[in-house]
Every structure is written in C-alpha cells, then in structure tokens.
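Some notes on the structure that comes next.
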Amino acid sequence: MYVNWRALVLFAIVAVAGYFAYQTFWAGTQKRGKMTTAQLLDGYEAGTVLDRELTYAELKARAEKTGMLDAAALRAWFRKKEQAPETYKLACEMLGRIRDRSAADALLKDLAHARAEIRIGATRYFQHAPARRAFDPFLKNLAHPSDEVRKETVVAIENLAAMTNTGVRYKTDVSKWQEWWNALSKAEKSKIPE
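Set out below in structure tokens:
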C-alpha cells in the first residue's frame, strides 16, 4: 500500500495550525467576550502582539457599540501608569471613546508628564473627548522632541478643530494653531466641551 508521506505531513501541519487558529480567534474571542474590563486590561501588558490586538478590538467594540466599559476599571490604571504604560495608553483611549469626563482633570496633568508614553496616553483620551482646556498643553506637546508625541497631538488638536467646523490642519505649526485659536469667536469655542 502506497502512503503519500508529504500529503500526510502537510495534513498534520494544517490540522495543528487550524486547531491553534481556532483557539486563538474563535475560542479566544468567546473567552474575551465574557471577561470584565479589568480582566482584559490585566493581561494586556504581558500579552503577545496578537493578544493585544484582539483585546484592543474587544474593548473598542464594547466602547463603540454598547458603551459597556467599566470606567472605574479603566481609571484604576492611572495609578499604574509608570509600571504599565502600554495598558495606560489603552485605558486612556477607551475612556475617551466613552467620553468619561471625570478623567479629564487627571489627564490634563499627564499631558505635561516627563515620560513620552504617559503624554501619548493622555493625548489619546483627548483625541476622542476633545476639551478646550487641553489646547494650551497641546501647543506645548507640538514642540516635544518625541515624534510620536507630536503625531498623536496633531490628531488630537485636529479633532478639536473639527468640532468648530473650520477644517484647519496646520500639523505641528504652533504659531498657526495659536493664531487660529485666538481668531475663534466665543460661540465657536463654546462648541468644544470645557
């Protein structure tokens, strides 16, 4: 009897890969769907790249579709920002997505933090929950030495500008942004939450 060993080995490889794909995507997604916000965040920092992406997708879906994120669990990461900056950035973004205004004061202070990762996290909050009070810290961050801080700040300040329907995009030009802000009327500024 002839046995095609290549086909048999290929079949075994495909079967094993299929099993792991099932465990990662289907079963993993089902498991993530039953986890609390705190449980999802706890495993984020130490997770693999794939686990992080899937956790991000789960949290984003909860924020956008159902609004079922535990804001207190997200705010708990403010105390852990030095030890787990990646999870802090994720928590800040999700707080912005659900527009949790109780976090704004703490995050305004973090816009001037010494570590770039902390500034990025705070900026991601304001990308989704723009605030007038963040404008001056944004201008300072446009001159920050870190490219990533500047890039995230441009997104945040352009989202703030979009609320006034002026459609300006000055990238990292601090003087043009300052001129634009000074030229805005009180009525236009009032479109942006405090």
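Counting with the numbering used here, you get residues 12 to 205 for the letters of the sequence shown.
Cβ coordinates follow ideal geometry from the N, Cα and C atoms, glycine included.
The model shown is predicted, which means the values in this text are computed figures rather than measured ones.
Note on geometry: alpha-carbon atoms of T134 and T177 lie some 21 Å from one another. Around the C-beta of W16, fewer than 16 other C-beta atoms lie within 10 Å, and the residue is accordingly described as exposed.
In the DSSP annotation of this structure, the continuous segment of the alpha helix (DSSP H) that includes N152 starts and ends at 146 to 153. When rounded, the separation of the alpha-carbon atoms in K120 and K200 is 22 Å.
In summary, V166 is exposed, with fewer than 16 beta-carbon neighbours lying within 10 Å of its beta-carbon over all protein chains present. DSSP, reduced to helix, strand and coil, places E190 within a helical segment of the structure shown. Beta-carbon to beta-carbon, I109 and G132 are separated by about 15 Å, too far to satisfy the 8 Å threshold. In this structure, I129 keeps its C-beta atom at 8 Å or more from the C-beta atom of M174.
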